[in-house]
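Just so you know, the sequence shown maps onto residues 796 to 1086 in our numbering. We put the CB at the ideal spot given by N, CA and C, even for glycine. If you're wondering where the values come from, they're calculated on a predicted model, not measured in any experiment.
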Amino acid sequence: MAINWFPGHMHKARKEIKKVMPQMDLIIEVLDARIPFSSENPLVPSLRGDTPLIKVLNKRDLADPAVTAEWQTWLEKERGVRTITLTHNQRTEALDILRLAADMTPGHDRQKSALRVMILGIPNVGKSTLINTLAGRPAAKTGNEPAVTRAQQAIKLPDNILLYDTPGFLWPKLSPEACGYRLAITGAIRAAVLDFEDIAMFEADYLLQAYPDQVLKRYGLEETPQDGLALMDAIAARRRFFARGGIPDLHKVSEVLLNEFRAGTLGRISLETPAMIEQEKREVADATAAD
């Protein structure tokens, strides 16, 4: 199932960002550390030009630390890009972003004019919470649902920094297709447009491949299930999730898998690696060439 979510307000946000981005001295893009590629907006490079860019890998405490380190190396290969990792709501760590911003804009005299910084991020990566942490006050609206921010606003930060908050926006077509699934698993796409069982099946298959020991331990299983469906059936049996006639209640299992991943109950898990993404991009290129 191809997953896409691009409501009208996101199209409007994209146009507004394109209009003001050339005026910015620096860009901050907030990513989900569990899916740095899938949460990285492919529209940003074409809008950014040569403007310095800090990529913030947020929710570091939920991601696999070894994989996060691989991502930092991979992302910093791009010219003018630096990365920093954050744990949710840690002000001391967050303020390192402002110090890094100063290092990346050595020619800007903040005695004469404010450093204009745009902060971007897809829905539900923690952008608004980070803004409030940097500002030291509730300057941006936050929430557990994606797409809380609907309009741009300018927020004054210490050291004469003017931070332009922007609505979180996705893009018209999510590619590779697996990116849509990973975004859905982390909560970046509104639940109303998703098939929970389809998303959870994708997650279950991946967990068995990449983190089988954590799965067995969490759900008290002695043997590794053959595939994602078998894992979901096994969880239903262990948790006694049955519908009428003793049929496994896969919807309830799906909710458990998704909620426990998002809460970190399954452990520190990353849903993608640089090697995976390189392979997926090759497959997309091959498929496009064959058409």
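Reduced DSSP category for residue 1073 - H, G, I as helix; E, B as strand; rest coil
helix
Simplified DSSP state of residue 880, which is helix, strand or coil
strand
Does the beta-carbon of residue 1049 have 16 or more other beta-carbons within 10 angstroms, so that it is buried, or is it exposed?
buried
Would you check if the distance between the CB atom of residue 1053 and the CB atom of residue 986 is smaller than 7 Å?
no
Taking just the CA atoms, how far does residue 961 sit from residue 817?
15 Å
What residues match up with residue 827 in a beta bridge as DSSP calls it?
853
Check this for me: beta carbons of residue 917 and residue 834, under 7 Å apart or not?
yes
Residue 938 to residue 1086, Cα distance in whole Å?
Note that residue 938 scores a pLDDT of 48, beneath 50, so its modelled location is shaky; the value from the coordinates is reported in the next line. Rounded to whole angstroms, residue 938 to residue 1086 spans 42 Å at the Cα level.
Can you check DSSP and say which residues form a bridge with residue 916?
825
Would DSSP call residue 980 helix, strand or coil?
helix
Under the three-state reduction of DSSP, which class applies to residue 1014: helix, strand or coil?
helix
Give the straight-line distance between the Cα atoms of residue 848 and residue 809, rounded to the nearest whole angstrom.
18 Å
Can you give the beta carbon distance from residue 1064 to residue 859, rounded, assuming they're within the 8 Å contact cut?
6 Å
Can you tell me the Cβ-Cβ gap for residue 978 and residue 929, rounded? I've got them flagged as a contact below 8 Å.
With a Cβ gap of about 25 Å, residue 978 and residue 929 do not count as contacting.
Endpoints, the alpha helix (DSSP H) within which residue 959 is located:
No alpha helix (DSSP H) contains residue 959, which is instead part of the beta strand (DSSP E) from 956-960.
Are residue 909 and residue 821 closer than 7 Å when you measure CB to CB?
no
If residue 925 sits next to residue 853, beta carbons under 8 Å apart, how far is it from one beta carbon to the other, in whole angstroms?
7 Å
How is residue 1043 classed by DSSP in three states: helix, strand or coil?
strand
Nearest-angstrom Cβ-Cβ length linking residue 855 and residue 880, presumed shorter than 8 Å
4 Å
Helix, strand or coil at residue 910 according to DSSP, with G and I counted as helix
strand
In whole angstroms, what separates the C-alpha of residue 1030 from that of residue 867?
35 Å
What do you reckon, are the CB atoms on residue 1043 and residue 1022 nearer than 7 Å?
no
What does the alpha-carbon distance come out to for the pair residue 951 and residue 984?
30 Å
Let me know the secondary structure DSSP gives residue 872 once reduced to three states.
coil
Can you tell me where the alpha helix (DSSP H) holding residue 950 begins and where it ends?
No alpha helix (DSSP H) contains residue 950, which is instead part of the beta strand (DSSP E) from 948-952.
From residue 1000 to residue 1017, what distance separates their C-alpha atoms?
17 Å
Spatial neighbours of residue 839 within its chain, please: C-beta separation below 8 Å, excluding the five flanking residues on both sides.
822, 824, 848 and 915
Quickly, what does DSSP pair residue 1037 with across the bridge? List them, please.
1043
Tell whether a beta-carbon distance below 7 Å holds between residue 1078 and residue 1045.
no
Do residue 870 and residue 829 have their CB atoms nearer than 7 Å?
no
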